[in-house]
Amino acid sequence: MTARRLGRTDLTIEPLIFGCNVLGWTLEESAAFRVLDAYADAGFAAVDTSDSYGKGKSETILGNWMKARGNRDKVLVFTKVGSDMGQGHRDLSAKWIIEEVENSLRRLQTDVIDLYQSHWPDPATPQEETLGAFDRLVQAGKVRWIGSSNQDGKLLSEALRISADKGLARYQTVQNEFNLYDRDSFEGAVQDICVREQVSGIGYFSLARGFLAGKYRSVADADKSPRGKAAVDKYLNPKGERILQALDAVSKRRNATPAAVSIAWIAAQPGVGAAIASATSVEQLKALTDGARLALDADDLAQLTEAGR
Numbered sequence: 008m009t010a011r012r013l014g015r016t017d018l019t020i021e022p023l024i025f026g027c028n029v030l031g032w033t034l035e036e037s038a039a040f041r042v043l044d045a046y047a048d049a050g051f052a053a054v055d056t057s058d059s060y061g062k063g064k065s066e067t068i069l070g071n072w073m074k075a076r077g078n079r080d081k082v083l084v085f086t087k088v089g090s091d092m093g094q095g096h097r098d099l100s101a102k103w104i105i106e107e108v109e110n111s112l113r114r115l116q117t118d119v120i121d122l123y124q125s126h127w128p129d130p131a132t133p134q135e136e137t138l139g140a141f142d143r144l145v146q147a148g149k150v151r152w153i154g155s156s157n158q159d160g161k162l163l164s165e166a167l168r169i170s171a172d173k174g175l176a177r178y179q180t181v182q183n184e185f186n187l188y189d190r191d192s193f194e195g196a197v198q199d200i201c202v203r204e205q206v207s208g209i210g211y212f213s214l215a216r217g218f219l220a221g222k223y224r225s226v227a228d229a230d231k232s233p234r235g236k237a238a239v240d241k242y243l244n245p246k247g248e249r250i251l252q253a254l255d256a257v258s259k260r261r262n263a264t265p266a267a268v269s270i271a272w273i274a275a276q277p278g279v280g281a282a283i284a285s286a287t288s289v290e291q292l293k294a295l296t297d298g299a300r301l302a303l304d305a306d307d308l309a310q311l312t313e314a315g316r
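Structure below.
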């Protein structure tokens, strides 16, 4: 895979973003440092976190790692705002965004966030207010670019129109659930907008909670991780089994792992900038980085796409 530009930004990355949701949850600081070191050593730069992951612990560990390694200038820091942080509702009000960015900057031990993303839609706050707050942060130099998450086509289209009409910073990315199994929140209207308006789609749950890595092939496999039961309950069905069969076939042809093939499929889709995926070991990470650099041919892509319909 060649590096690609996100939206209309100056951010150029390979099509993989390390998901820091595991930091402080299934990966404590010392182990997190080892995985992040391996990610950087492999030539990757983009990391994605949120103020809500571990109630700030993920951002804190990431900030500690960058300080310890002295590598902030080599890391592209993406974080998010707007999730329920204990207030009982999602919040994208200007007041909350302006307040919470300072907490993220402090935890990350940086003076600027490369990509600041709305985490979830907030129906109580007009998008114009949210975008106005983001624009203020861009103008103040605290945020370089902005993105959205979990938006449908209607919301994303409206946000882009408001930014154009009001001269405000625009969403350069949209981060939605997207993988070989879960495709509805990206394919269709959102993907069409991404292609037409130069907005980069970023897929999260790229491995469907580990299912697309081939980790859960029977009910007995549910005990393999904290996410095992949820993965088995949702994905171990005829559709999931079809996808695993296709992944196994393509993996064999490409001498690659199912996880690598899953990442490569996402990266090859129109309108996609990158896949987000996390790892709790250096061994798991290698499959992800291999996938970002794996080129699938038309037959591979067609077989995988059809299996997931």
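The numbering used here puts the first residue of the sequence shown at 8, with every later residue one more than the last.
Note that the Cβ used here is the ideal one computed from N, Cα and C, for glycine as well.
Owing to the predicted nature of the structure, the values given are computational and were not obtained by experimental measurement.
Requested in this report: Starting from Gln-182, follow its DSSP beta bridges and name the residues at the other end.
Outcome: For Gln-182, which the question treats as bridged, DSSP gives the partners Ser-156, Ile-209.
Query raised in the report: In or out: Ala-75 buried (at least 16 other Cβ within 10 Å) or exposed?
Result: Ala-75 is exposed by the Cβ-count criterion.
Requested in this report: Using DSSP bridges, identify the partner residues of Ala-52.
Outcome: None, per the DSSP bridge assignment.
Query - Separation of Ala-305 from Thr-67, as counted between CA atoms - result: For Thr-67 and Ala-305, the distance between alpha carbons rounds to 42 Å.
**Report entry** Alpha carbon of Val-181 to alpha carbon of Ser-170, nearest angstrom
**Finding:** The straight-line gap from Cα to Cα measures roughly 15 Å.
Requested in this report: Would you please state the rounded distance, in angstroms, between the beta carbons of Gly-210 and Val-279? I believe it to be under 8 Å.
Outcome: 7 Å
Query raised in the report: When DSSP labels each residue in this structure, what does Arg-300 get in the three-state scheme?
Result: coil
Query raised in the report: Hey, out of Val-206, Val-145, Leu-144, whose CA is closest to Ser-164's CA?
Result: Val-206
Requested in this report: Find the nearest neighbour of Ala-132 within the set Phe-218, Thr-86, Trp-103, Gln-291, judged by alpha-carbon distance.
Outcome: It is worth fixing the name first, because residue 132 is Thr in this sequence and not Ala. For the residues Phe-218, Thr-86, Trp-103, Gln-291, the minimum Cα distance to Thr-132 belongs to Trp-103.
Query raised in the report: Who are the Cβ neighbours of Arg-216 in its own chain at under 7 Å, not counting the five residues just before and after it?
Result: Same-chain partners within the cutoff: Arg-234, Ala-237, Ala-238.
Requested in this report: With DSSP as the reference, please indicate the residues paired to Gln-124 in a beta bridge.
Outcome: Gln-124 is bridged to Lys-87, Gly-154.
Requested in this report: Please confirm whether Leu-122 and Gly-70 have their CB atoms less than 7 Å apart.
Outcome: With respect to the 7 Å criterion, Leu-122 and Gly-70 are not classified as neighbours on the basis of their beta carbons.
Report task. Mind the definition here: the region 51-65 touches the region 265-280 only if three or more C-beta pairs lie below 8 Å; say whether that holds. Result -> no
Requested in this report: Please name the residue or residues paired with Arg-12 in a DSSP beta bridge.
Outcome: Thr-19
Query raised in the report: Using DSSP with H/G/I as helix, E/B as strand and the rest coil, what is Ala-215?
Result: coil
Requested in this report: Please state if the CB of Arg-177 and the CB of Leu-167 are separated by a distance shorter than 7 Å.
Outcome: yes
Requested in this report: Please confirm whether Ala-286 and Leu-295 have their CB atoms less than 7 Å apart.
Outcome: If you check the CB distance, Ala-286 and Leu-295 come in under 7 Å.
**Report entry** Status (buried if at least 16 other CB within 10 Å, exposed otherwise) for Arg-97
**Finding:** buried
Query raised in the report: Would you report the Cα separation of Lys-87 and Asp-159, rounded to the nearest angstrom?
Result: 17 Å
Requested in this report: Could you tell me the distance, in whole angstroms, from the CA atom of Ala-253 to the CA atom of Gly-298?
Outcome: 16 Å
Requested in this report: Would you kindly check if the distance between the Cβ of Val-108 and the Cβ of Leu-83 is under 7 Å?
Outcome: no
Query - Span of the beta strand (DSSP E) around Gly-280 - result: Note, Gly-280: beta strand (DSSP E), 279-284.
**Report entry** Host alpha helix (DSSP H) of Cys-201 (start-end)
**Finding:** 196-204
**Report entry** Counted within 10 angstroms of its Cβ, other Cβ atoms place Ala-284 as buried (16 or more) or exposed
**Finding:** buried
Query raised in the report: Gly-315 and Gln-179: beta carbons closer than 7 Å?
Result: No.
Report task. State yes or no: is the C-beta of Thr-19 within less than 7 Å of the C-beta of Arg-79? Result -> Annotated as distal: Thr-19 and Arg-79, with beta-carbon spacing of 7 Å or more.
Query raised in the report: Hey, Ser-59 and Ser-100 are a contact pair by Cβ (cut 8 Å); roughly how many whole angstroms apart?
Result: Not really, about 16 Å apart at Cβ, beyond 8 Å.
Query raised in the report: Helix, strand or coil: how does DSSP classify Leu-254 here?
Result: helix
Requested in this report: Quick one: grab the DSSP three-state call for Leu-99.
Outcome: coil
**Report entry** Residues that DSSP places opposite Ile-24 in a beta bridge
**Finding:** Ile-283
Query - Three-way DSSP call (helix, strand, coil) for Leu-144 in this model - result: helix
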